[in-house]
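Visitor: In my numbering, the protein residues as written are 23 to 246.
The C-beta atom is built at its ideal place from N, Cα and C for all residues, glycine as well.
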Amino acid sequence: MLRRLSRKGRSDSKSVLAKFLDFIDTPIWALPIATFIEQRSVVFDRQQGNVALYEEIHKEFSDLVDTLVECFCADSNIPLNQLKEALRNAEAERLSIHQKTNLEPIAAAESFNVFVPMMMRKNVELQLQALQMIEPSTEARRRKEEPGADPAVVDKSTPQQPDDDSGLVYGPRGKNIYDVNALLQEPNRLNSATVRSREEYLKMQRDRLLTMKANEREKQMNVG
Numbered sequence: 023m024l025r026r027l028s029r030k031g032r033s034d035s036k037s038v039l040a041k042f043l044d045f046i047d048t049p050i051w052a053l054p055i056a057t058f059i060e061q062r063s064v065v066f067d068r069q070q071g072n073v074a075l076y077e078e079i080h081k082e083f084s085d086l087v088d089t090l091v092e093c094f095c096a097d098s099n100i101p102l103n104q105l106k107e108a109l110r111n112a113e114a115e116r117l118s119i120h121q122k123t124n125l126e127p128i129a130a131a132e133s134f135n136v137f138v139p140m141m142m143r144k145n146v147e148l149q150l151q152a153l154q155m156i157e158p159s160t161e162a163r164r165r166k167e168e169p170g171a172d173p174a175v176v177d178k179s180t181p182q183q184p185d186d187d188s189g190l191v192y193g194p195r196g197k198n199i200y201d202v203n204a205l206l207q208e209p210n211r212l213n214s215a216t217v218r219s220r221e222e223y224l225k226m227q228r229d230r231l232l233t234m235k236a237n238e239r240e241k242q243m244n245v246g
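1) Measuring alpha carbon to alpha carbon, tell me which residue in V136, L231, A114 and F45 is nearest Y76.
2) Within 10 angstroms of its Cβ, does Q154 collect 16 or more other Cβ (buried), or is it exposed?
3) Out of curiosity, what's the CA-to-CA distance linking P54 and E132?
4) What does the Cβ neighbour count give for D229, buried or exposed, with the cut at 16 atoms within 10 Å?
5) Between which two residues does the alpha helix (DSSP H) carrying P101 extend?
6) Thinking just about the alpha-carbon of each residue, which of F94, M141, A236 and Q149 is nearest to the one in L43?
7) Are I128 and V91 closer than 9 Å when you measure CB to CB?
8) Which same chain residues end up closer than 6 Å to T48 when comparing Cβ atoms and leaving out the 5 residues on each side of it in sequence?
9) Hey, is the region 55 to 68 in contact with the region 108 to 121, meaning 3+ C-beta pairs nearer than 8 Å?
10) Indicate whether Q104 and V38 have their beta-carbon atoms separated by less than 9 Å.
11) Determine the direct distance from the alpha carbon of V64 to that of L109, and round the result to whole angstroms.
12) Restricting to Cα atoms, I'd like to know which of L102, L232, Q151 and V138 is closest to A74.
13) If you drop the 5 nearest sequence neighbours on each side, which residues of the same chain put their C-beta closer than 8 Å to that of E126?
14) Evaluate N72 with the Cβ neighbour count: other Cβ atoms within 10 Å of its Cβ, from every protein chain shown; 16 or more gives buried, anything less gives exposed.
15) What's the gap between the Cα of N237 and the Cα of Q61?
16) I need the boundaries of the alpha helix (DSSP H) containing T57, first residue and last residue.
17) Quick check on R68: does DSSP put it in helix, strand or coil?
18) Around the Cβ of N145, are there at least 16 other Cβ atoms within 10 angstroms (buried) or fewer (exposed)?
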């Protein structure tokens, strides 16, 4: 009898975990979580850490996760304690990388020490994506400036850059600057105005990227 109950308990736990893993792979969970992480990660800078602000944002994130988890439990008629037990008993080696990635926000909501690295990683990721948005137009400008270049073959689909030559995103010979931290640590080569211009331009590209992501998620919600 006890063995049957034990097996039934393990079976129920696996069933609950499977349902929850399906849930966190849907837009209902993924969209608000991803939007929060992207929008709030901008302040998570390794050089200028603001612990008090980080703790405040972590509290907001934990509240968001709690709300979504409670909605899942209510809709699925699963007690919260049963879900927590299923998550505790989850065997990491049986989970795919995708499932582990999806579960990271749960761990981040529980632990500040998981949350901060997650947000810093997203901040760096978005900066690199913003720089990659700049790179095609940088290459188009380089081709245009080459001797004998035909303006007609320059890719007109790339975003237009400002007409001034203040070096917002260009290094020597039009080379794109990727190492932002190294860039800001070159006072002998860059004056403060140039540094500020590059920071502002990078921020503009990041904001544009976030807007594009938000619009794409809105389309996904409308389709769903």
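Guide: Result, derived from the coordinates:
1) As a working note, residue 76 is residue 54 in the sequence shown. If we check each option's Cα against that of Y76, V136 comes out closest.
2) Translated into the one-based positions of the sequence shown, residue 154 becomes position 132. By the 10 Å Cβ count, Q154 comes out exposed.
3) The residue labelled residue 54 in the question sits at position 32 within the sequence shown. The residue labelled residue 132 in the question sits at position 110 within the sequence shown. Rounded to whole angstroms, P54 to E132 spans 18 Å at the Cα level.
4) For the purposes of this step, residue 229 is taken as the residue at position 207 of the sequence shown. When all chains shown are included, D229 counts as exposed.
5) As a working mapping, residue 101 is identified with position 79 in the sequence shown. Here P101 belongs to no alpha helix (DSSP H), and DSSP marks it neither H nor E.
6) Within the sequence shown, residue 43 is the residue found at index 21, counting from 1. The residue with the shortest Cα to Cα distance from L43 is F94.
7) Counting from 1 along the sequence shown, the entry for residue 128 is found at position 106. Counting from 1 along the sequence shown, the entry for residue 91 is found at position 69. Cβ atoms of I128 and V91: closer than 9 Å.
8) Taking the first residue of the sequence shown as 1, we reach residue 48 at position 26. Within the same chain, T48 has no close Cβ partners at all.
9) no
10) Along the sequence shown, one-based indexing puts residue 104 at 82. Along the sequence shown, one-based indexing puts residue 38 at 16. Cβ distance < 9 Å, so Q104 and V38 count as in contact.
11) Your numbering for residue 109 matches position 87 in the sequence shown. Your numbering for residue 64 matches position 42 in the sequence shown. Going from the Cα of L109 to the Cα of V64 covers about 30 Å.
12) Locating residue 74 in the sequence shown gives position 52, counting from the first residue. Nearest of L102, L232, Q151 and V138 to A74, Cα basis: V138.
13) Start at 1 with the first residue of the sequence shown, and residue 126 comes out as number 104. Once the five neighbours on either side are set aside, the close Cβ partners of E126 are V136 and M140.
14) Along the sequence shown, one-based indexing puts residue 72 at 50. N72 comes out exposed.
15) Against the sequence shown, residue 237 aligns to sequence position 215. Against the sequence shown, residue 61 aligns to sequence position 39. One C-alpha to the other measures close to 13 Å.
16) Mapped onto the sequence shown, residue 57 falls at position 35. Element bounds for T57: P49 to R62.
17) Counting from 1 along the sequence shown, the entry for residue 68 is found at position 46. Coil, per DSSP.
18) Translated into the one-based positions of the sequence shown, residue 145 becomes position 123. With 16 or more other Cβ atoms within 10 Å, it is buried.
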